[in-house]
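As numbered in this note's numbering, residues 25 to 208 make up the sequence shown, in order. Every residue, glycine too, gets a C-beta built ideally from N, C-alpha and C. Working notes, beginning with the structure itself.
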Amino acid sequence: MAILKIARMGHPVLHRPAAAVADPAAPEIARLIEDMLDTLEDAQGAGLAAPQVHVPLRLVLFRVPPGREAAPEQGDDEAHAALEAPTVLINPEIEPLGETVVEDLEACLSLPGLAGMVPRHERIRYRWTDTGGRGHEREAEGFHARVVQHECDHLDGILYPMRMTDLSTLAFTSELGRPAAEEA
Ligand code: NI
25 MAILKIARMG HPVLHRPAAA VADPAAPEIA RLIEDMLDTL EDAQGAGLAA
75 PQVHVPLRLV LFRVPPGREA APEQGDDEAH AALEAPTVLI NPEIEPLGET
125 VVEDLEACLS LPGLAGMVPR HERIRYRWTD TGGRGHEREA EGFHARVVQH
175 ECDHLDGILY PMRMTDLSTL AFTSELGRPA AEEA
């Protein structure tokens with residue numbers, strides 16, 4: 025078990041594009057994933073991208089905390105339960121579905137204690153490779169779609185304030201008087 029140090033806004037590793045993972049089945053990738061899972065658990069975050077732990081590779085983890093699922097009619101209970109455990113995405117790609125963009129509060133482990141309103145595509149389709157080298161595809165909406173977009177932005181050197189259209193909503197969560205958004 026290893027808890028990795030999380031890079032904070034301003035560190036160069038967060039501000040440049042990450043490289044594709046050449047061999048998803050490599051032992052060093054398995055070790056990185058284990059350490060990132062430990063780090064996510066320790067930080068009680070909703071997601072973590074490899075550049076956030078100083079590794080410039082296209083690999084992210086995310087989970088959908090209970091109560092953050094999309095509306096019940098949009099999916100089954102089994103699918104929701106599966107998303108409460110972290111999912112590992114290697115070399116992910118996102119395709120927006122439809123034109124709808126929604127704003128919600130977002131927070132990031134690389135900007136601890138802060139949150140802001142960020143516009144994101146409401147629905148997306150995303151594709152990724154698993155550690156066995158197999159390709160997968162899934163559709164997402166709501167928080168699920170948001171956290172995947174947030175994590176994949178990290179792979180392109182983008183932090184959520186760079187997506188904000190109204191910087192007056194950037195705030196310390198301790199001042200907001202409501203539960204903090206999950207950091208990711
Ligand atoms: Ni983040």
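Setting aside the 5 residues that flank it on each side, V45 is surrounded in the same chain by I53, L81, R82, L83, I114 and N115, each with a C-beta closer than 7 angstroms to its C-beta; the list follows chain order. In this structure, the alpha-carbon of F86 lies about 8 angstroms from that of L107. Counted as a single uninterrupted DSSP element, the beta strand (DSSP E) harbouring E165 occupies residues G159 to E165. M60 is classed as buried because its beta carbon has at least 16 other beta carbons within 10 Å across all chains shown.
Remark: C-beta atoms of H168 and A94 approach each other more closely than 9 angstroms. Proximity of the beta carbon of G71 to the ligand NI is indicated: a heavy atom of the ligand is located closer than 8 angstroms. Rounded to whole angstroms, the Cβ separation of I118 and Y150 is 5 angstroms, and the two are in contact under 8 angstroms. For the pair L133 and Y184, the CB atoms are not nearer than the 9 angstroms cut-off. Looking at the DSSP output, T193 shares a beta bridge with no other residue.
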